[in-house]
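Asks: First residue of the sequence shown? That's 9 in this note's numbering, and the numbers climb one at a time after it. No residue lacks a Cβ here, since even glycine has one placed at the ideal position from N, Cα and C.
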Amino acid sequence: MCKEVRRLTKKYGHPVEGSKTEKRGQQAGSLISSEIRVLCENLHEFGTAQDDGTVSITFGELFQLYQSISNKVVGILLRARKHGLVDFKGEMLFQRRDDDVVITLVKPLHELYQEMGYDKQAYERQEAQAREAQAREAKKKA
9 MCKEVRRLTK
19 KYGHPVEGSK
29 TEKRGQQAGS
39 LISSEIRVLC
49 ENLHEFGTAQ
59 DDGTVSITFG
69 ELFQLYQSIS
79 NKVVGILLRA
89 RKHGLVDFKG
99 EMLFQRRDDD
109 VVITLVKPLH
119 ELYQEMGYDK
129 QAYERQEAQA
139 REAQAREAKK
149 KA
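#1: Check for me: the alpha helix (DSSP H) holding T29 runs from which residue to which?
#2: Exposed or buried, which one is G55 when buried takes at least 16 other CB atoms within 10 Å?
#3: Could you spell out the range, first to last residue, of the alpha helix (DSSP H) harbouring L70?
#4: Helix, strand or coil for L113? Go by DSSP, reduced to three states.
#5: The alpha helix (DSSP H) with K90 in it runs from where to where?
#6: Rounded to the nearest angstrom, what separates L101 and R144 at their Cα positions?
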């Protein structure tokens, strides 16, 4: 049985609350947010600081860096631009053709963390706990 949802309601186009579909959507959103965060961190770490406080890197450099990280660098860049975190010219970037296009991280990393609701210390604690748990499991198996 299917409930009719009117187009003008806030529920239109959204999964039923508490459903598996809603949970999968939330997990996907969380994964995308973490990929965007990692992209911004890589731009900050490997880019060049500019006089105006921004950080820039060419698409060619970023593409080379991401060959060992993710095959979705263009998609992540588009999402980051949609959220106002990075800026670059053009609608789509292609390897070789756009290697000289400059990608700019528009705000300092700590401001981006605040906007994304990201607590770096809490994340680092979780990562350390996960590594400790993996080490304990490895010891048990050995």
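Replies: Walking through what the data contain:
#1: Position 21 of the sequence shown, counting from 1, holds the residue named residue 29. 28 to 54 is the extent of the alpha helix (DSSP H) around T29.
#2: Mapped onto the sequence shown, residue 55 falls at position 47. Buried: at least 16 other Cβ atoms inside 10 Å.
#3: Numbered from 1 along the sequence shown, position 62 holds the residue referred to as residue 70. Start and end: 67 to 74.
#4: Counting from one through the sequence shown, the residue named residue 113 turns up at place 105. Three-state DSSP puts L113 in a strand.
#5: If you number the sequence shown from 1, residue 90 lands on position 82. Start and end: 81 to 90.
#6: As a first step, residue 101 is located in the sequence shown; it is residue number 93 there, counting from the start. As a first step, residue 144 is located in the sequence shown; it is residue number 136 there, counting from the start. Roughly 44 Å separates the two Cα atoms.
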